[in-house]
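Colleague: Provided herewith is a single structure, encoded as structure tokens, for subsequent inquiry.
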Amino acid sequence: MFKKGNVKVYFNSTSILKALVRNIRSSERCYGCIAWVTHPKILDEMENTPTELIMTKHKANRWKRRIKVKFMGSGRGKKKVLMHHKFCVGFRGKTPAWVATGSFNFTKSAVRHHENCMFIEDPDIAEAFYEEFCRLKRI
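With positions in the sequence shown counted from 1, the corresponding number in the numbering used here is that position plus 1380.
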């Protein structure tokens, strides 16, 4: 892990998973735009923390959990638009407190891959990502 100021950068997928679970657990609620979410530890934490997700419309994301989900990715060929973001915003109180973003898909297979994820604890940056979540939710 690399740390500078309010930014932590992880390149080890096991460390990413642990940090993500820890951050979700410490949040009052979470909002995420994540292409795929299949890792049971992440899903368990999201189920225990009020969470809303926007995900790619794909069979891998068809799980049954108490998590509010919007799917994106309709259309075919050149008209197909995927939701390919990979970020999660955590709130503490009424304020976005942190964002996790990087190449890490929130999947079981991601822990076997070479991935990266930045955890940024900055209300202004977290707010920018939350605004992107809200914009996509309106589409």
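Ideal Cβ placement from N, Cα and C applies to all residues, glycine included.
1. Grab me the residues of Glu1432's own chain with a C-beta within less than 6 Å of its C-beta, minus the 5 sequence neighbours each way, in chain order.
2. Per the DSSP calculation, Val1401 is bridged to which residue(s)?
3. Can you tell me where the beta strand (DSSP E) with Leu1433 in it begins and where it stops?
4. Please report the straight-line C-alpha distance between Thr1394 and Lys1474, rounded to a whole angstrom.
5. Exposed or buried, which one is His1419 when buried takes at least 16 other CB atoms within 10 Å?
Modeller: Checking against the coordinates, here is how it stands:
1. Locating residue 1432 in the sequence shown gives position 52, where the first residue counts as 1. Counting only Cβ-Cβ distances below 6 Å, and skipping sequence neighbours, we find Tyr1411 and Lys1448.
2. Counting from one through the sequence shown, the residue named residue 1401 turns up at place 21. Its beta-bridge partners do not exist; DSSP assigns none.
3. In the sequence shown, residue 1433 corresponds to position 53, counting from 1. Per DSSP, Leu1433 belongs to the beta strand (DSSP E) from Thr1431 to Thr1436.
4. For the purposes of this step, residue 1394 is taken as the residue at position 14 of the sequence shown. For the purposes of this step, residue 1474 is taken as the residue at position 94 of the sequence shown. Roughly 30 Å between the two C-alpha positions.
5. Indexing the sequence shown from 1 puts residue 1419 at position 39. By the neighbour-count rule (16 or more Cβ atoms within 10 Å), His1419 is buried.
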